[in-house]
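In the UniProt record's numbering, the protein residues as written are 1 to 302. Note that beta-carbon positions come from the ideal geometry of N, C-alpha and C, so glycine has one too.
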């Protein structure tokens, strides 16, 4: 049988390679179809080998904590890459910063910094994701963004490992520019000496604010839409009458209207379709086209 995408010639890495792998359990929404191939490299060398020898015609998608992601019901063709485990989760403290692997959770990085008396990274405790994704989308919360604290990040590419400064990522609002088929592998964040008590208070404030305003215990995907210039996405959604709006098993959160929820029976099509309905209603109400912040990958079911 012909193999036009070259999947039969996947590089012989030491990590785990799984065919027709379920992806829904990895996502915060708990929806979506399988990966044609799910690849979890053992370490950096394994990742570099995979990227170097993976045929160009094989599609490549990268998922991390999958907290801000919809995987469509038809699944994802080609290779889905997931960095996890000791090879990509290490956290190293330095006097004026912290180095973290791509799989390290943002909140855990903030906790390590706080325990070491390093200030300036408290905002990471309010970002539900991992370091790799935070760099790749210039994640931000509570008045700060990754671009404000990033010294450098190492990006694995088919040509080898690159260390890029913050300026080289071309950061913009919820956006970074990565090399072709580049995968963030680890990053260094600047910090400054601080008073542990003051750092703890700030992190407690962030946790309390999230609990009070966001559906943190629901099956959700974080902020759904980017804030348009000079506007708040949640307010536009609210004015358009979308608070509590339901489509299939999906709902616009009544607690925070920039969050979509899986009520328990939603499909990816329900969630994405609800988001598109919200966008249409906001456009009709305000003349503003909301841009998705949640990433959407994969195939729509026929």
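Best match in the options for proximity to residue i [C-alpha to C-alpha]
{"i": "residue 196", "options": "182, 119 and 293", "result": "119"}
{"i": "residue 11", "options": "41, 193, 176 and 36", "result": "41"}
{"i": "residue 279", "options": "218, 34, 263 and 242", "result": "242"}
{"i": "residue 285", "options": "35, 275, 239 and 226", "result": "239"}
{"i": "residue 126", "options": "291, 28, 222 and 266", "result": "222"}
{"i": "residue 266", "options": "206, 64 and 73", "result": "73"}
{"i": "residue 167", "options": "96, 158 and 178", "result": "178"}
{"i": "residue 250", "options": "180, 229 and 275", "result": "275"}
{"i": "residue 114", "options": "194, 229, 188 and 138", "result": "194"}
{"i": "residue 45", "options": "14, 27, 20 and 68", "result": "14"}
{"i": "residue 57", "options": "155, 87 and 181", "result": "181"}
{"i": "residue 31", "options": "288, 260, 201 and 157", "result": "260"}
{"i": "residue 27", "options": "295, 301 and 300", "result": "295"}
{"i": "residue 215", "options": "252, 183 and 199", "result": "252"}
{"i": "residue 52", "options": "68, 235, 183 and 105", "result": "183"}
{"i": "residue 163", "options": "264, 185 and 36", "result": "185"}
{"i": "residue 312", "options": "301, 268, 117 and 81", "result": "Given that the chain is displayed from residue 1 to residue 302, the structure contains no residue 312 and the question cannot be resolved."}
{"i": "residue 143", "options": "206, 199, 228 and 150", "result": "206"}
{"i": "residue 82", "options": "209, 121 and 23", "result": "23"}
{"i": "residue 155", "options": "148, 172, 149 and 133", "result": "133"}
{"i": "residue 150", "options": "157, 165, 105 and 137", "result": "165"}
Helix, strand or coil at residue i [DSSP, three-state]
{"i": "residue 90", "result": "coil"}
{"i": "residue 278", "result": "helix"}
{"i": "residue 99", "result": "strand"}
{"i": "residue 165", "result": "strand"}
{"i": "residue 132", "result": "helix"}
{"i": "residue 181", "result": "coil"}
{"i": "residue 2", "result": "Confidence is the limiting factor: at residue 2 the pLDDT is only 44, short of 50, which leaves the residue's position unreliable and the question unanswerable from this model."}
{"i": "residue 81", "result": "strand"}
{"i": "residue 297", "result": "strand"}
{"i": "residue 306", "result": "Outside the shown range of the chain, which is 1 to 302, sits residue 306, and nothing can be said about it."}
{"i": "residue 289", "result": "coil"}
{"i": "residue 284", "result": "helix"}
Residues bridged to residue i (per DSSP)
{"i": "residue 119", "result": "192"}
{"i": "residue 145", "result": "140"}
{"i": "residue 154", "result": "163 and 186"}
{"i": "residue 105", "result": "130"}
Residue j beta carbon less than 7 Å from that of residue i
{"i": "residue 135", "j": "residue 124", "result": "no"}
{"i": "residue 282", "j": "residue 257", "result": "no"}
{"i": "residue 29", "j": "residue 159", "result": "no"}
{"i": "residue 273", "j": "residue 71", "result": "no"}
{"i": "residue 291", "j": "residue 226", "result": "yes"}
{"i": "residue 89", "j": "residue 101", "result": "yes"}
{"i": "residue 187", "j": "residue 131", "result": "yes"}
{"i": "residue 174", "j": "residue 293", "result": "yes"}
{"i": "residue 244", "j": "residue 254", "result": "yes"}
{"i": "residue 189", "j": "residue 63", "result": "no"}
{"i": "residue 38", "j": "residue 21", "result": "yes"}
{"i": "residue 146", "j": "residue 153", "result": "no"}
{"i": "residue 76", "j": "residue 35", "result": "yes"}
{"i": "residue 65", "j": "residue 129", "result": "yes"}
{"i": "residue 228", "j": "residue 288", "result": "yes"}
**Q.** Those runs of the beta strand (DSSP E) which lie wholly inside the segment 215-282 and span at least 3 residues
**A.** 250-252 and 260-262
Q) Which runs of the alpha helix (DSSP H) fall wholly inside the segment 8-77 and span at least 4 residues, in chain order? A) 44-53
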